[in-house]
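Protein chains in written order, with our numbering: chain A, 27 to 411; chain B, 27 to 411. Don't be surprised by glycine CBs; every beta carbon is placed ideally from N, CA and C. If you're wondering where the values come from, they're calculated on a predicted model, not measured in any experiment. One structure is given here, and the rest of the page talks about it.
2 protein chains.
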Amino acid sequence: MKKHDQDYMKLQNRRTVFGIIKQQHPISRAAIAKQTGMSPTTVSRIVGELTELGYLVESEQVAAAGLGRKSTLIGLADGSVLSIGIELDRHFMSIGILDLQGNVICSDKRVRPAEEDLEETLRRIGAAIEELVRHHAIDRTRVVGIGIGLPGIVNNDKGGVVFSVQLGWKNVPLAERLKELTGYEVAVDNELKVRALAEHLKGAAIGSRRTALLGFGNGVGSALILEGEVYRGDMNSAGEIGHTTVDPNGMMCECGKAGCLQTYITIRSLLSEANQIRPIQTIEEVFEARQAGERWAIHLIDRALDYMAIAINNLVCMYNPDSVILSGELPDRFPGIHEEIEARCSSHFVWEPLRGSFRFHHSELSEWGVVIGSGLLSQNRFFQL
Amino acid sequence: MKKHDQDYMKLQNRRTVFGIIKQQHPISRAAIAKQTGMSPTTVSRIVGELTELGYLVESEQVAAAGLGRKSTLIGLADGSVLSIGIELDRHFMSIGILDLQGNVICSDKRVRPAEEDLEETLRRIGAAIEELVRHHAIDRTRVVGIGIGLPGIVNNDKGGVVFSVQLGWKNVPLAERLKELTGYEVAVDNELKVRALAEHLKGAAIGSRRTALLGFGNGVGSALILEGEVYRGDMNSAGEIGHTTVDPNGMMCECGKAGCLQTYITIRSLLSEANQIRPIQTIEEVFEARQAGERWAIHLIDRALDYMAIAINNLVCMYNPDSVILSGELPDRFPGIHEEIEARCSSHFVWEPLRGSFRFHHSELSEWGVVIGSGLLSQNRFFQL
Numbered sequence: 027m028k029k030h031d032q033d034y035m036k037l038q039n040r041r042t043v044f045g046i047i048k049q050q051h052p053i054s055r056a057a058i059a060k061q062t063g064m065s066p067t068t069v070s071r072i073v074g075e076l077t078e079l080g081y082l083v084e085s086e087q088v089a090a091a092g093l094g095r096k097s098t099l100i101g102l103a104d105g106s107v108l109s110i111g112i113e114l115d116r117h118f119m120s121i122g123i124l125d126l127q128g129n130v131i132c133s134d135k136r137v138r139p140a141e142e143d144l145e146e147t148l149r150r151i152g153a154a155i156e157e158l159v160r161h162h163a164i165d166r167t168r169v170v171g172i173g174i175g176l177p178g179i180v181n182n183d184k185g186g187v188v189f190s191v192q193l194g195w196k197n198v199p200l201a202e203r204l205k206e207l208t209g210y211e212v213a214v215d216n217e218l219k220v221r222a223l224a225e226h227l228k229g230a231a232i233g234s235r236r237t238a239l240l241g242f243g244n245g246v247g248s249a250l251i252l253e254g255e256v257y258r259g260d261m262n263s264a265g266e267i268g269h270t271t272v273d274p275n276g277m278m279c280e281c282g283k284a285g286c287l288q289t290y291i292t293i294r295s296l297l298s299e300a301n302q303i304r305p306i307q308t309i310e311e312v313f314e315a316r317q318a319g320e321r322w323a324i325h326l327i328d329r330a331l332d333y334m335a336i337a338i339n340n341l342v343c344m345y346n347p348d349s350v351i352l353s354g355e356l357p358d359r360f361p362g363i364h365e366e367i368e369a370r371c372s373s374h375f376v377w378e379p380l381r382g383s384f385r386f387h388h389s390e391l392s393e394w395g396v397v398i399g400s401g402l403l404s405q406n407r408f409f410q411l
Numbered sequence: 027m028k029k030h031d032q033d034y035m036k037l038q039n040r041r042t043v044f045g046i047i048k049q050q051h052p053i054s055r056a057a058i059a060k061q062t063g064m065s066p067t068t069v070s071r072i073v074g075e076l077t078e079l080g081y082l083v084e085s086e087q088v089a090a091a092g093l094g095r096k097s098t099l100i101g102l103a104d105g106s107v108l109s110i111g112i113e114l115d116r117h118f119m120s121i122g123i124l125d126l127q128g129n130v131i132c133s134d135k136r137v138r139p140a141e142e143d144l145e146e147t148l149r150r151i152g153a154a155i156e157e158l159v160r161h162h163a164i165d166r167t168r169v170v171g172i173g174i175g176l177p178g179i180v181n182n183d184k185g186g187v188v189f190s191v192q193l194g195w196k197n198v199p200l201a202e203r204l205k206e207l208t209g210y211e212v213a214v215d216n217e218l219k220v221r222a223l224a225e226h227l228k229g230a231a232i233g234s235r236r237t238a239l240l241g242f243g244n245g246v247g248s249a250l251i252l253e254g255e256v257y258r259g260d261m262n263s264a265g266e267i268g269h270t271t272v273d274p275n276g277m278m279c280e281c282g283k284a285g286c287l288q289t290y291i292t293i294r295s296l297l298s299e300a301n302q303i304r305p306i307q308t309i310e311e312v313f314e315a316r317q318a319g320e321r322w323a324i325h326l327i328d329r330a331l332d333y334m335a336i337a338i339n340n341l342v343c344m345y346n347p348d349s350v351i352l353s354g355e356l357p358d359r360f361p362g363i364h365e366e367i368e369a370r371c372s373s374h375f376v377w378e379p380l381r382g383s384f385r386f387h388h389s390e391l392s393e394w395g396v397v398i399g400s401g402l403l404s405q406n407r408f409f410q411l
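Below is the structure:
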């Protein structure tokens with residue numbers, strides 16, 4: 027066997043072992059060997075290397091079940107590697123520092139003025155990181171990088187924002203600029219893709235092999251995780267369901283097409299239609315009006331829920347996932363709609379042969395999903411996972 | 027390194043080498059080594075083994091460019107492995123015998139009465155195979171299996187037809203039954219999935235990394251090939267776009283939902299609506315009426331083309347493919363609609379940011395795509411590719 031092949035295989039084996047430890051720690055060397063089919067010697071070598079690098083610790087010995095023998099378990103040195111996860115949205119910025127397990131060890135959330143320009147946003151990201159690191163006495167040498175999740179189309183290879191309607195950005199070399207500013211490696215991705223990754227690794231969809239996540243809020247979108255990896259498509263824009271056509275005779279969308287899904291279900295669209303009736307500032311008011319039995323509000327929200335169920339049907343027909351996760355501001359702020367959407371799906375909105383084919387999950391990481399996913403993305407880059 | 031790992035790697039290397047030879051033959055050992063990063067010794071060993079099994083031949087030496095040296099090229103022993111590919115549809119059955127390169131070396135196409143029952147279909151498949159093998163003096167020992175592509179939801183692992191509206195089948199253990207009858211290993215899959223595979227390996231989308239294929243005909247569906255592999259989803263029913271909802275206020279579909287894509291574009295739906303106007307037997311008559319300027323026919327076909335463009339938009343938003351292939355009876359029988367659909371896509375039916383993101387292809391294998399894909403599927407099973 028050639029050197030090249032052996033090196034590649036060593037790297038692969040190391041990834042495999044580290045991946046298993048991350049998911050199943052504490053775990054014994056023997057269990058790793060059993061799962062991977064690697065020899066105990068290979069496993070021991072890899073564990074030794076990773077321990078030397080400071081990523082693993084041996085936890086105390088425990089008695090193996092019923093046999094009286096003792097087995098040493100391998101655990102993660104949680105704080106040996108840290109990363110910074112950031113969610114950037116039109117109206118806020120969330121930031122967290124994550125350990126190796128994806129735990130948020132400290133965090134901050136700040137309002138972002140909608141008119142804030144790029145330079146100011148960059149400056150404030152830098153300041154927020156600085157403050158968090160100082161305030162919590164974080165060891166800077168352990169921070170391996172920054173991950174950022176945001177709404178829009180992102181070139182995740184280069185870390186550039188192709189465009190983001192919500193942030194008002196077009197062709198922003200975000201990773202490059204932020205690396206200049208902070209010195210850290212920066213990974214950038216679409217918010218729903220990292221959120222789905224987080225739910226897969228730490229949240230609602232652990233163990234799922236084909237996870238589809240939908241986001242309903244100021245925007246609408248989806249993401250697919252296949253066998254643990256984000257499905258990106260050719261330009262990292264797979265899952266852009268907001269502009270799938272769900273009624274060619276429907277309302278005009280800002281994109282120039284008619285009847286795009288987003289015209290029926292985003293908070294902005296709903297508010298814009300509600301304001302045909304009377305001045306309304308927040309989506310809460312619309313839900314209150316619905317609660318109070320106002321017909322226009324009932325129509326507006328019921329129609330939105332219908333289209334959410336349609337979005338789920340269309341996604342399920344195309345991706346055939348085993349799990350569907352509902353996320354975003356709307357289900358987060360109005361948890362009652364989960365049930366209403368699910369009821370629509372199981373009555374007749376989802377094509378009958380696929381009706382029982384997937385598990386329905388609520389987002390578990392809600393407010394921190396994007397921060398966690400972004401931070402984990404940054405760690406994955408560091409470990410070249 | 028453990029024996030287990032080495033065995034796995036040997037198998038992987040063998041697959042890689044064989045795959046390259048299949049795609050690029052004739053090719054030199056040196057070129058294979060260069061592409062794979064394997065050592066010349068490893069490549070020679072694998073080539074030797076495959077030659078011994080009869081799958082490869084050394085073609086005559088050719089002068090390496092400009093150097094005066096000679097280089098031996100490796101080619102496929104095309105006829106060393108044969109497989110039988112079958113397309114089963116409501117109204118016909120096509121059958122072909124394929125060589126290692128996916129060339130159809132002999133074939134037959136027969137009408138299938140719509141009311142034909144399962145037993146009769148099985149009997150006739152067996153007879154058709156028998157006749158083809160005899161008539162063309164095929165060496166039976168070289169036939170490694172049968173592949174069948176059909177419309178419907180197929181359990182491709184077990185080779186069972188979960189259900190097929192077109193064939194009127196539900197829970198048919200097709201592979202098992204046909205193996206009993208013929209003695210050959212049988213692989214069964216959805217027709218569009220094998221067609222997409224064929225176009226990827228032998229047709230319009232060679233070299234594409236994310237190929238989406240659409241089928242417009244008696245049914246409507248799609249398939250996605252990711253990095254050379256069929257994306258199946260959890261139940262092998264990914265790509266079932268026929269029941270995506272494209273207008274919740276639209277026509278009732280036989281599935282019980284309203285506004286399913288298939289209600290606007292399948293031949294059956296179009297004929298059913300056309301018959302509201304006057305008795306019409308074939309889709310050709312509808313196209314002729316359109317040509318003659320009859321308003322109802324213009325409306326019906328234009329609307330169908332609109333919805334085909336919508337289907338492409340929705341597919342492109344969700345899969346973000348690099349290639350989109352149009353296939354099926356409608357584009358095959360009315361090649362002019364290709365241009366009309368493409369024009370719709372590039373004017374405003376496809377979301378602007380994705381408009382230039384994919385190449386548009388016509389199906390190249392048309393009538394024989396499913397036969398070729400099914401035959402290749404059977405060979406892939408044999409070689410465990």
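Length of the line joining the Cα atoms of residue i and residue j
i        : j        : result
B/Thr208 : B/Ala337 : 40 Å
A/Glu217 : B/Lys283 : 32 Å
B/Arg236 : B/Asp348 : 6 Å
B/Arg258 : B/Leu240 : 15 Å
A/Gln405 : A/Ala140 : 30 Å
B/Trp394 : B/Gln127 : 14 Å
A/Arg150 : A/Glu157 : 10 Å
A/Ser70  : B/Leu252 : 36 Å
B/Ala213 : A/Val159 : 58 Å
B/Ile398 : B/Ser353 : 14 Å
B/Thr308 : B/Leu356 : 12 Å
B/Thr289 : B/Ser295 : 6 Å
B/Ile291 : B/Gly362 : 16 Å
B/Asp332 : A/His325 : 28 Å
B/Phe242 : B/Ala335 : 11 Å
A/Ile327 : A/Phe313 : 7 Å
B/Leu287 : A/Gly152 : 49 Å
B/Ala369 : B/Phe360 : 16 Å
B/Val342 : A/Thr271 : 11 Å
A/Ala318 : A/His364 : 20 Å
is_contact[residue i, chain A] using C-beta, thresh 7 Å
i        : result
B/Ala264 : yes
B/Ile164 : no
B/Thr271 : yes
B/Arg14  : Here chain B has residues from 27 to 411 only, and residue 14 of chain B is not among them.
Cutoff 6 Å; reference residue i; Cβ partners in own chain excluding five residues on either side
i        : result
A/Pro199 : Gly186
B/Ser383 : none
A/His226 : Thr237 and Ile251
A/Glu113 : Ser120, Gly175, Val396 and Val397
B/Gly401 : Ser109, Gly111, Leu124 and Gly173
is_contact[residue i, chain B] using C-beta, thresh 7 Å
i        : result
A/Met277 : no
A/Cys281 : yes
A/Asp260 : yes
Cβ shell of residue i (< 7 Å), same chain only, five flanking positions each side left out
i        : result
A/Ala416 : One cannot answer for residue 416 of chain A here, as it falls past the ends of chain A, which runs 27 to 411.
Own chain residues within Cβ distance below 8 Å of residue i, not counting five before or after
i       : result
B/Lys28 : Per-residue confidence for B/Lys28 stands at a pLDDT of 49, beneath the threshold of 50, marking its modelled position as unreliable; the derived number appears in the next sentence. Cβ neighbours of B/Lys28 beyond the five flanking positions: none.
**Asked** Taking one C-beta from the region 264 to 284 of chain B and one from the region 381 to 399 of chain A each time, how about it: are there three or more such pairs within less than 8 Å?
**Response** A contact is defined here as three or more CB-CB pairs under 8 Å, and the region 264 to 284 of chain B fails this definition with respect to the region 381 to 399 of chain A.
**Request:** Evaluate the contact criterion for the region 171 to 180 of chain B versus the region 194 to 213 of chain B: three or more CB pairs, one atom per stretch, below 8 Å.
**Result:** Judged by Cβ distances under 8 Å, the region 171 to 180 of chain B makes contact with the region 194 to 213 of chain B, as three or more pairs qualify.
**Message:** If the cut-off is 8 Å on Cβ atoms, which residues from the region 330 to 349 of chain A count as contacting chain B, listed in chain order?
**Reply:** Listed by position, the residues of the region 330 to 349 of chain A near chain B (Cβ gap below 8 Å) are Asp332, Tyr333, Ile336, Asn339, Asn340, Leu341, Cys343, Met344, Tyr345, Asn346, Pro347 and Asp348.
**Request:** Kindly confirm or deny that the region 299 to 310 of chain B and the region 296 to 311 of chain A touch, where touching means at least three C-beta pairs closer than 8 Å.
**Result:** No contact exists between the region 299 to 310 of chain B and the region 296 to 311 of chain A.
**Message:** Tell me whether the region 39 to 51 of chain B and the region 101 to 110 of chain B touch, counting them as touching only if at least three CB pairs, one residue from each stretch, are closer than 8 Å.
**Reply:** Verdict: yes, contact present.
**Request:** With 9 Å as the limit, tell me which residues of the region 355 to 386 of chain B have their beta carbon closer than that to any beta carbon of chain A; keep them in chain order.
**Result:** Taken in chain order, the members of the region 355 to 386 of chain B whose beta-carbon sits within less than 9 Å of a beta-carbon on chain A are His374, Phe375, Val376, Trp377, Glu378, Pro379, Leu380, Ser383 and Phe384.
**Residues of the region 233 to 245 of chain B whose Cβ lies closer than 8 Å to any Cβ of chain A, in chain order** = Of all residues in the region 233 to 245 of chain B, Arg235 and Arg236 have a Cβ within less than 8 Å of some Cβ in chain A.
**Prompt:** Quick one, which residues of the region 174 to 195 of chain B are near chain A if we go by CB-CB under 9 Å, in chain order?
**Reply:** If the cut-off is 9 Å between Cβ atoms, the region 174 to 195 of chain B has Ile179, Val188 and Phe189 near chain A.
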